[in-house]
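Here is the structure we will look at, set down as structure tokens.
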Amino acid sequence: MDFHPENIDAPVLRKPKCRSISFVQQSFGRTMALVIKNFIQMRRNLMLLFFQFLLPALQIIAFCLAIGGDPHDVPVAIYNEDINFGPRFLQKIDNKTVQQIHVDSYESGVDLVVNGEAAAVMHIWTNFSEALMNRFIASGNVPESIVQASSIHLRQDTTNQQIIFFINKACLQALEDFSADLLINFKNYPKIITNLLEVSEPIYGTNSSKTYTTEFMASGLILAIIYITAVGLTSVSFVIDRKQGMHERSCVSGATSFEIMCGYFLTQVSVVVIQVGIVLVFAIEVFRMHSRGSILLVILVALAQGICGMTLGFLLSIIFNHEREAMMGSLSIFFPCFTMSGILWSTLGMSNFVQKVSQALPHTLAVESMRWIMLRGRGMSWSPVWLGLVSTIAWIFGFIILSAIVMRIKQP
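Using the working numbering, you'd call the opening residue of the sequence shown number 57 and step up by one each time.
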């Protein structure tokens, strides 16, 4: 019997039934796998993670302990040659601010300032009392000799303007108190001395110097601490992964640039949230910095700035190939932004050109937004508040887009 293979029916190959998986589901699964991978890497380096949480706390603690307090016990050399009104004036000087060091001669007081042992030297002439009375009762022009003899002569070391400000403040207050005490028996003279300028209740803030120093600077420094810590956290993460070959493995496994970015983003955001919480707890709860506005808006602006710093750090880690280059790049970018964004000094003190440049920086509008919330108690209905958020979000998307472009170009 002949065998004819063409008569044999070929088996029908049927595609096995399986559950269809959409592209969105696959992308989400790969992204979550990358997130888990990143968390495992963070867990393996607990010391670095602990340092990332400890650093913001140390920064805000150091700022609150060292910045904003009024100077006290400032040494001032006193050479008083008058025996009547001179001692009465010196009694009016706030001894908490000024530490009076009495010297035997004017030259001795100058030597103390030259040697750095005193911040200023005060000289009261011998005929101070007589000249002062002649100055008050004189009619018409007062001779220059009377004016000089009836004045308190103060020479200062002006290299430290903050100290000089508080010395002048203490002396002016002492002069006002001394004049009112001296002329208490004259009906109109005290009003002439004290009522030339009447400072009413402030519209925003208080008359305390703490509002200008600690609270003014803290509202911007909170954002700066969160921002630079987030930049430092992420600026080396991608560099390390690339050197260890983790990035190439992710690409080989089918992960796209967008999925890799999302994996880093979701991982680092969790760290930024904890950092924001640590900084705000120490600033507001521990050191009692006032937030006159919504605490939710404060958290929102701080989180936005943290995410902005995170996206900048990720962009730098993609651009540079070594950790040292990434860290130097982050510092070289941050420091000009830190000095030009009005964090430590008002932008009104800058030239017109620098003011225009500062408005385009990531921090400037956000810092102003934070001050409108914390110091003035305003909400989202005020343009300075929402402009800070809008500008920060714009910078976030700008950094993300640039990161995607650069990663796509450098992807193997």
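The beta-carbon is built from N, C-alpha and C at its ideal position, and this holds for glycine as well.
Predicted model, so just to flag it, every value in this text is computed and none were measured.
For residue j and residue i, believed in contact at Cβ under 8 Å, the rounded distance
i: D150; j: A226; result: 5 Å
i: V5; j: G165; result: Outside the shown range of the chain (57 to 468) lies residue 5, about which nothing can therefore be said.
i: I45; j: L90; result: Absent from the structure is residue 45, since the part of the chain shown begins at 57 and ends at 468.
i: M23; j: V354; result: Absent from the structure is residue 23, since the part of the chain shown begins at 57 and ends at 468.
i: A174; j: I157; result: 6 Å
Given residue i as reference, the closest of the options once Cα atoms are compared
i: Q115; options: M383, F338, S447 and I374; result: F338
i: L476; options: W401, T269, I334 and Q411; result: Here the chain comprises residues numbered 57 to 468, so residue 476 is not present and cannot be evaluated.
i: V462; options: A113, F145 and T367; result: T367
i: H378; options: V91, V413, Q300 and G165; result: Q300
i: V357; options: L188, F95, G124 and V441; result: V441
i: R348; options: A460, V446, T262 and Y162; result: T262
i: I282; options: F321, D237 and V328; result: V328
i: T512; options: F141, N216 and Q218; result: Beyond the ends of the chain as shown, which are 57 and 468, falls residue 512; an answer cannot be given.
i: L238; options: V413, R144 and I375; result: R144
i: D160; options: A360, N136, F192 and S201; result: N136
i: A122; options: T87, E200 and T270; result: T270
i: I180; options: A205, R191 and V170; result: A205
i: S207; options: D213, E424 and L188; result: L188
i: I375; options: S350, I340 and S293; result: S293
i: A280; options: R100, L105, E257 and E424; result: E424
i: I330; options: T285, I296, H346 and S373; result: T285
i: V203; options: T214, F95, N190 and T215; result: N190
i: R211; options: I240, E163, F184 and P258; result: E163
i: A382; options: M345, T290, V332 and K466; result: T290
i: V332; options: D126, L322, L359 and F106; result: L359
i: G525; options: S201, N197 and N216; result: The question about residue 525 has no answer here: the residues shown for the chain are numbered 57 through 468.
i: Q324; options: S185, F95 and A460; result: F95
i: F343; options: W401, G125, F109 and L146; result: G125
i: M98; options: E341, I296, I351 and R380; result: I296
i: K93; options: R464, F109 and F321; result: F321
i: D167; options: N197, I134, V198 and F184; result: I134
i: W438; options: S350, F106 and S326; result: S350
i: E341; options: S201, A113 and H209; result: A113
i: H209; options: Q218, P199 and F184; result: F184
Residues near residue i in its chain [Cβ-Cβ closer than 6 Å; skip 5 each side]
i: V148; result: The displayed chain sequence assigns Lys, not Val, to residue 148. Closer than 6 Å at the Cβ level, and outside the excluded window around K148, lie A230, D233 and F234.
i: F79; result: For F79, the predicted structure reports a pLDDT of 47, less than 50, and the residue's modelled location is therefore unreliable. The matter cannot be settled from this model.
i: T403; result: Q411 and S414
i: V169; result: V177 and D213
i: S447; result: L421
i: C318; result: T87
i: C120; result: F343
Any C-beta of chain D under 9 Å from that of residue i
i: L289; result: Given the protein chain composition of this structure (a single chain), no chain D is represented.
Residues bridged to residue i (per DSSP)
i: P112; result: For P112, which the question treats as bridged, DSSP gives no partner whatsoever.
i: Y135; result: H179
i: L210; result: M178
i: H419; result: None; H419 has no bridge partner.
i: H158; result: I134
Cut-off 8 Å between Cβ atoms - residues of its own chain near residue i, not counting five sequence neighbours on either side
i: F455; result: C364, T367, L368, F370 and L371
i: L458; result: L371
i: G385; result: S291, L372, I375 and F376
Residues near residue i in its chain [Cβ-Cβ closer than 7 Å; skip 5 each side]
i: L104; result: none
i: I77; result: Its pLDDT being 41, under 50, I77 is placed unreliably in this model, and the coordinates cannot settle the point.
i: F390; result: I284 and V287
i: G362; result: I282, Y283, A286, V328, Q331 and V332
i: I117; result: F338
Cβ-heavy atom distance, residue i to the ligand ATP, below 8 Å
i: D297; result: The model on display carries no ligand, and the ligand ATP is accordingly not part of it.
Taking contact to mean at least 3 C-beta pairs separated by less than 8 Å, is the region 121-140 in contact with the region 211-229?
-> yes
Report yes or no: do the region 275-283 and the region 413-430 share at least 3 C-beta pairs separated by less than 8 Å?
-> yes
Could you tell me whether the region 82-101 touches the region 306-316, using the rule of 3 or more Cβ pairs below 8 Å?
-> yes
Quick check: the region 381-396 against the region 407-425, are there 3 or more CB pairs under 8 Å?
-> yes
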